[in-house]
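>
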Amino acid sequence: MNILISTEFWYTVIAVTTPILFSGLACLVFFKGGVDAIATEGIMLFAALIGVLGSYYSNSWFIGILSGMISGAFLALVYGVITIKLKSNDILGGVAINTFSVGFTVFLMYVLTNQKGSTQTLANPVIPDLRLPIIENIPFLGAILSQQNLLTYVSFITVPLLIVLLYRSRVGLRIRTIGESEDAATSVGLNINKYKIITLIIAGALAGLGGVYLSMGYVSAFSRDMVAGRGFIGMAAESMGRGTPVGVLVSALVFGAADALAKNLQLFNFPSQLINLMPYLITIIATSVYSYIKKKQSEKRVGV
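The working numbering puts the last residue of the sequence shown at 524; the count rises by one with no breaks.
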C-alpha cells in the first residue's frame with residue numbers, strides 16, 4: 221500500500237503513460253478520420269529506430285524527434301496507400317505494416333551497428349528532462365511533475381491542442397465528417413483523399429513521437445520490439461476514452477498506473493517471468509476491452 225502513496229510510483233506512472241498517451245491520441249485521430257488504427261504499433265516501432273539514427277547522425281536530439289515524426293507520418297501514408305488507394309483490407313494492411321516494422325528495424329539495426337538486439341553502441345543524444353522551477357517546490361506534486369522528459373510535457377499539452385484541432389477548427393470538422401460518413405462528406409463536395417492524407421500525417425506523427433520517446437527519452441537506445449504492445453494499448457485507450465482527447469488521457473493514465481504497478485512488484489521478489497509477462501497481459505486485456513466496446517457500439521448502431 222505504501223507504494224501507492226509514494227512520489228516515485230506516481231512519477232513512474234506519468235513516465236510510462238507518455239507513450240500510451242501518444243499512441244492513444246494517434247488512434248483517436250486515425251478513427252476520427254475514418255482510418256483503422258491497427259498499424260499504430262508498427263509505426264511507433266519504425267519511428268523509434270529512425271529517431272535514434274537521426275539523433276546519432278545529426279548529433280542532435282531535436283533532429284531525432286523530427287526524424288521520428290517524419291518517419292511515422294511517412295509509414296502512416298504508406299499504410300494509407302495500401303488501404304485507401306489500393307483498397308486492401310484494413311486489418312491485413314495493418315498487420316503488414318506491423319510485420320514489416322519488426323523485420324526492417326532488426327535488419328537496419330544489424331546493417332548499421334552489427335547488433336540485432338539494441339543500438340547501445342551508438343552514442344546518440346537523448347531527449348532531456350525538464351525542471352519546472354515553481355512546480356518543483358510544491359510538496360509531493362513537485363517530485364512527481366518536475367524532472368519529467370520533455371516529450372512527457374508535450375504529450376499532455378497535445379490533449380488540449382487536439383481538442384482545438386478536432387472540435388474548434390474547420391479542418392477538424394471536415395476530418396470528423398469524413399470519419400462519420402464519407403457519403404455525406406462527398407455530397408457536400410469535400411475532398412476525401414485530401415483530408416485522409418491530413419489524418420494520416422497527424423496520426424503518424426503522434427505515433428512517431430510515442431516511438432521516439434521510448435528510444436530517446438524513457439531509455440537511451442532502441443531495442444528490438446521495444447514498443448511491446450503499446451500501439452494496441454493505445455487503441456484500447458481510445459475506445460475506453462469514448463473517442464475524446466480527455467477520455468484518452470484518463471484511460472492512458474489507468475494503463476500507465478497498471479504498468480507502473482507491475483514494475484514496482486519487482487521490489488517484492490515477484491518472479492521475473494511474471495513481471496516480463498505484464499506488458500503483454502495488459503495488451504491482451506486492453507485489446508479485449510477494445511473489441512468488447514466496439515462490438516457494443518456496433519450493436520447499438522444497428523439496433524440489436
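We put the beta carbon where it would ideally sit given N, CA and C, even for glycine.
For G288 versus G467, is the C-beta spacing smaller than 8 Å?
No.
> If you draw a straight line from the C-alpha of F475 to the C-alpha of A457, how long is it?
Cα to Cα, F475 sits roughly 8 Å from A457.
> Can you give the Cα-Cα distance for I290 and V301, rounded to whole angstroms?
Near 16 Å, if we compare the C-alpha coordinates of V301 and I290.
> Count the other CB atoms, across all protein chains shown, that sit within 10 Å of the CB of T339; report buried if there are 16 or more and exposed otherwise.
T339 should be labelled buried.
> Looking only at its chain, what residues have a beta carbon closer than 8 Å to the beta carbon of V236, apart from the 5 residues adjacent to it on each side?
Once the five neighbours on either side are set aside, the close Cβ partners of V236 are Y438, G476, D479, A480, K483.
> Return the first residue and the last residue of the alpha helix (DSSP H) that A448 is part of.
Run containing A448: none; DSSP gives neither H nor E here.
> Check this for me: beta carbons of S443 and G271, under 8 Å apart or not?
Result no, Cβ atoms of S443 and G271 do not sit closer than 8 Å.
> Counting only runs of 4+ residues fully inside the stretch 408-451, write out the alpha helix (DSSP H) ranges in chain order.
Complete alpha helix (DSSP H) runs here, min 4: 412-433.
> Where does Q517 land, buried or exposed, given buried means 16+ other C-beta within 10 angstroms?
The residue in question, Q517, is exposed, as its Cβ has fewer than 16 Cβ neighbours within 10 Å.
> Quick check: N318 and E402, are their CB atoms within less than 8 Å of each other?
Contact: no.
> So what does DSSP say about S389, is it helix, strand or coil?
S389: coil per DSSP, three-state reduction.
> For L352, which residues in the same chain have their Cβ closer than 7 Å to its Cβ, ignoring the five residues on either side in sequence?
Closer than 7 Å at Cβ, skipping near neighbours: L365, S366.
> Need the endpoints of the alpha helix (DSSP H) that G262 sits in, please.
Counting along the chain, the alpha helix (DSSP H) containing G262 begins and ends at 260-278.
> Pull up the distance between the alpha-carbon of T232 and that of D349, whole angstroms please.
Whole-angstrom Cα-Cα distance: 14 Å.
> Using DSSP bridges, identify the partner residues of L350.
Beta-bridge pairing links L350 to Q368.
> Given that a residue counts as buried once 16 or more other Cβ atoms are within 10 Å of its Cβ, and exposed if not, what is S407?
Exposed is the call here.
> Using three-state DSSP, classify S401 as helix, strand or coil.
Three-state DSSP puts S401 in coil, outside helix and strand.
> Measure the C-alpha to C-alpha separation of K336 and F452 and round it to an integer number of angstroms.
One C-alpha to the other measures close to 24 Å.
> Taking 8 Å as the cut-off, decide whether the C-beta atoms of P239 and Y373 are in contact.
Contact flag unset, no.
> Which residues in the same chain have their Cβ closer than 7 Å to the Cβ of S280, if we skip the five residues on either side of it in sequence?
The residues are P345.
> Can you tell me the Cα-Cα spacing of I421 and G254, whole angstroms?
Cα-Cα distance, rounded: 14 Å.
> Span of the alpha helix (DSSP H) holding V255?
Where V255 is concerned, there is no enclosing alpha helix (DSSP H), given that its DSSP letter is neither H nor E.
> Can the beta-carbon of A423 be found less than 8 Å from the beta-carbon of F250?
Yes; because the gap between Cβ atoms is below 8 Å, this pair is in contact.
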